[in-house]
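Colleague: Got a structure for you, questions after.
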Amino acid sequence: IMLVVAIYTVFMHDLATAVILGVALSALVFAWNKSKHLIADVSTDERGQKVYQLHGVLFFGTVTRFRDLFTPQDDPDEIVIDFYFSRVYDQSGLEAINNLAERYQAFGKRLHLRHLSEDCRRLLDRAGDLVEVDISEDPHYHVLADRVPPI
């Protein structure tokens, strides 16, 4: 990326545009690299629910990989997606969850989401009865300064 920026600067004599080009290329490379890092550990719990333990981030770059992790036609009636080691970064990730819930509903199956942040839960409220968000095990994120009294 530095080489592209340097060459652009030398030939076009425009440092500002070269910096913007470098930032854009860096963002694309970052998204490409992150899109390869969404995996799921699949297990069955004591209640017969299939549990997908996600690892990685769910965003526009991993939506296709996320969709391909699941097999609604072969899964049992109760499915759990555990986001303990994962985060939803953008609206594309939320839409992927909604679309997956609709796929499971088409087969008459119920999708449960665990360990979602409060922000994601609020945004998924519009999914209504498509998904059940289990809030008992969900994390509560806060800034340390909110908990420590001022000196």
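In this text, residue positions in the sequence shown follow my numbering: the first is 40, and each later residue adds one. Yeah, the Cβ is synthetic: ideal placement off N, Cα and C, and Gly gets one too.
1) If you run the structure through DSSP and keep just helix, strand and coil, what is I120?
2) In the structure shown, what three-state DSSP assignment does S78 receive?
3) What residues are listed by DSSP as bridge partners for V90?
4) Closer than 8 Å is the cut-off here; do at least three beta carbon pairs connect the segment 116 to 135 with the segment 144 to 156?
5) DSSP on L162, reduced to helix/strand/coil?
6) So, is S82 buried or exposed, given that buried needs 16 or more other C-beta atoms within 10 angstroms?
7) Using the Cα positions of F98 and T56, report the straight-line distance between them to the nearest angstrom.
8) Between the segment 120 to 133 and the segment 88 to 97, are three or more C-beta pairs nearer than 8 Å?
9) Go through its chain and collect everything with a Cβ distance to S65's Cβ below 7 Å, but skip five positions before and after it.
10) Would the segment 100 to 115 count as touching the segment 65 to 80 if we require 3 or more Cβ pairs under 8 Å?
11) With distances taken Cα to Cα, identify the nearest neighbour of L139 among V49, D114 and D53.
Modeller: Working from what's here:
1) Looking at I120 - three-state DSSP - the assignment turns out to be strand.
2) Correcting the residue type first, residue 78 is Ile in the shown sequence and not Ser. In this structure, I78 counts as strand in the three-state DSSP scheme.
3) Within the DSSP secondary-structure output, V90 pairs in a beta bridge with S82 and V119.
4) Between the segment 116 to 135 and the segment 144 to 156, the count of C-beta pairs closer than 8 Å reaches three or more; the two stretches touch.
5) Of the three classes helix, strand and coil, the one that applies to L162 here is helix, per DSSP.
6) By the neighbour-count rule (16 or more Cβ atoms within 10 Å), S82 is not buried but exposed.
7) Answer to the nearest angstrom: the Cα atoms are 28 Å apart.
8) Yes, the segment 120 to 133 touches the segment 88 to 97.
9) Within the same chain, S65 has close Cβ partners I40.
10) Yes, the segment 100 to 115 touches the segment 65 to 80.
11) When only C-alpha atoms are compared, the closest one is D114.
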